[in-house]
Amino acid sequence: GNSVTQMEGPVTLSEEAFLTINCTYTATGYPSLFWYVQYPGEGLQLLLKATKADDKGSNKGFEATYRKETTSFHLEKGSVQVSDSAVYFCALTESNAGNMLTFGGGTRLMVKP
Amino acid sequence: ETGVTQTPRHLVMGMTNKKSLKCEQHLGHNAMYWYKQSAKKPLELMFVYNFKEQTENNSVPSRFSPECPNSSHLFLHLHTLQPEDSALYLCASSPGLAGPSTDTQYFGPGTRLTVL
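Line order of the protein sequences matches chains A and B.
Quick note on numbering: my numbering labels position 91 of the first sequence as 91, and the sequence is numbered without any gaps.
Take any residue in the second sequence, count from 1 to its spot, add 113: that is its number in my numbering.
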């Protein structure tokens, strides 16, 4: 079956630091890959997505590249802000799995001023 | 993303109560989903509806009863719940069920449910 593995948090950074949150996946077919973000007290918001190998998703300064050879989709940001503090979820869907989202366990990011 | 709304945002109920959660999407999507988010557990898919028809029931106990009267509305009827059912219940929608152009899911803000 499909699975998504994320680095465990919390990740604590100072403002303007470089962020990497690792995500690797296992899938039987050709998944689409996603990063969702959950701010305190809110639901999940789509941050970015990539649908095929070597695609790069980007949004709000965050980037992730779909690496089929390493089955990875690591999230990066060059300079984090306090407002980026949230929980980040890596996820995948496969069209032959009825669009069921498989989520990683989530990584909490805390950015200190 | 404000295209998916959920009410109520917070709900406290006793184990003998009956209540319903409501989800509405304003995105013109055809598929809708219920998820459960418990503390320290991965997000769990509960139900999937596509064009008002249930396509997935992820072994959810019968005390949770979904209803999808049309593609824009999704309900989760609750009865005889247990304290371990306390969680954040998230609704989502997507254009469809298959393919990279239709598979992105958009989530509502969730209903925080506490069962006493």
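Built from N, CA and C at the ideal position, the CB exists for glycine as well.
Backbone CA spacing between residue i and residue j [nearest angstrom]
i                           : j                         : result
aspartate 54 of chain A     : glycine 41 of chain A     : 34 Å
leucine 229 of chain B      : asparagine 130 of chain B : 10 Å
glutamate 63 of chain A     : lysine 56 of chain A      : 7 Å
glycine 116 of chain B      : glycine 221 of chain B    : 8 Å
leucine 210 of chain B      : threonine 118 of chain B  : 20 Å
threonine 137 of chain A    : threonine 28 of chain A   : Nothing can be reported for residue 137 of chain A: it is not among the residues displayed for chain A, which extend from 1 to 113.
phenylalanine 18 of chain A : threonine 24 of chain A   : 20 Å
tyrosine 88 of chain A      : lysine 154 of chain B     : 14 Å
serine 72 of chain A        : methionine 7 of chain A   : 12 Å
leucine 124 of chain B      : threonine 70 of chain A   : 43 Å
serine 58 of chain A        : threonine 51 of chain A   : 13 Å
threonine 168 of chain B    : serine 79 of chain A      : 42 Å
leucine 226 of chain B      : serine 175 of chain B     : 17 Å
Of the residues the options, the one placed nearest residue i, counting alpha carbons only
i                           : options                                : result
leucine 156 of chain B      : A/Pro113, A/Phe34, A/Gly106, A/Met110  : A/Gly106
serine 199 of chain B       : B/Phe164, B/Leu187, B/Met128, B/Pro182 : B/Met128
phenylalanine 34 of chain A : A/Thr26, A/Leu46, A/Thr24              : A/Leu46
threonine 224 of chain B    : B/Leu201, B/Ala205, B/Gln218, B/Thr217 : B/Leu201
glycine 84 of chain A       : A/Glu94, A/Lys60, A/Lys68              : It is aspartate, not glycine, that sits at residue 84 of chain A in the sequence shown. Nearest option by C-alpha distance: A/Lys60.
lysine 132 of chain B       : B/Asp216, B/Leu194, B/Pro208, B/Leu140 : B/Leu194
valine 173 of chain B       : B/Leu158, B/Leu203, B/Asp216, B/Ala205 : B/Leu158
asparagine 2 of chain A     : A/Pro31, A/Val11, A/Asn22, A/Lys68     : A/Pro31
For residue j and residue i, believed in contact at Cβ under 8 Å, the rounded distance
i                            : j                        : result
threonine 20 of chain A      : glycine 104 of chain A   : Actually they do not touch by this definition, with Cβ atoms about 15 Å apart.
alanine 86 of chain A        : glutamine 38 of chain A  : 6 Å
glutamate 15 of chain A      : lysine 112 of chain A    : 7 Å
glutamine 218 of chain B     : leucine 75 of chain A    : Not quite, the Cβ-Cβ distance comes to about 18 Å (not below 8 Å), so this is no contact.
phenylalanine 188 of chain B : proline 196 of chain B   : Rounded, the Cβ-Cβ distance is 22 Å, inconsistent with contact.
asparagine 171 of chain B    : alanine 144 of chain B   : Contact doesn't hold; Cβ gap of about 15 Å is too wide.
proline 208 of chain B       : histidine 142 of chain B : 5 Å
Min CB distance residue i to chain A below 8 Å
i                            : result
tyrosine 162 of chain B      : no
aspartate 216 of chain B     : yes
phenylalanine 188 of chain B : no
leucine 158 of chain B       : yes
glutamate 114 of chain B     : Residue placement at glutamate 114 of chain B is poorly supported in this model, since its pLDDT is 47, which falls under 50; the coordinates still yield a value, given next. Closer than 8 Å: yes.
tyrosine 203 of chain B      : What sits at residue 203 of chain B in the sequence shown is leucine, not tyrosine. Yes, leucine 203 of chain B counts as interfacial toward chain A.
proline 155 of chain B       : yes
glutamate 197 of chain B     : no
glycine 223 of chain B       : yes
glutamate 169 of chain B     : yes
phenylalanine 220 of chain B : yes
Residue i at chain B interface by Cβ criterion, 8 Å
i                            : result
serine 32 of chain A         : yes
methionine 7 of chain A      : no
phenylalanine 103 of chain A : yes
lysine 49 of chain A         : yes
methionine 100 of chain A    : yes
threonine 93 of chain A      : yes
glutamine 45 of chain A      : yes
glutamate 15 of chain A      : no
glutamate 63 of chain A      : no
glutamate 42 of chain A      : yes
For residue i, the residue or residues it bridges with in DSSP
i                        : result
serine 184 of chain B    : Serine 184 of chain B is not bridged to any residue.
glutamine 150 of chain B : B/Leu201
proline 179 of chain B   : B/Leu189
histidine 123 of chain B : B/Arg225
alanine 144 of chain B   : B/Asn163, B/Ser207
threonine 28 of chain A  : Looking at the DSSP assignment, threonine 28 of chain A forms no beta bridge with any residue, so it has no partner.
serine 3 of chain A      : A/Thr26
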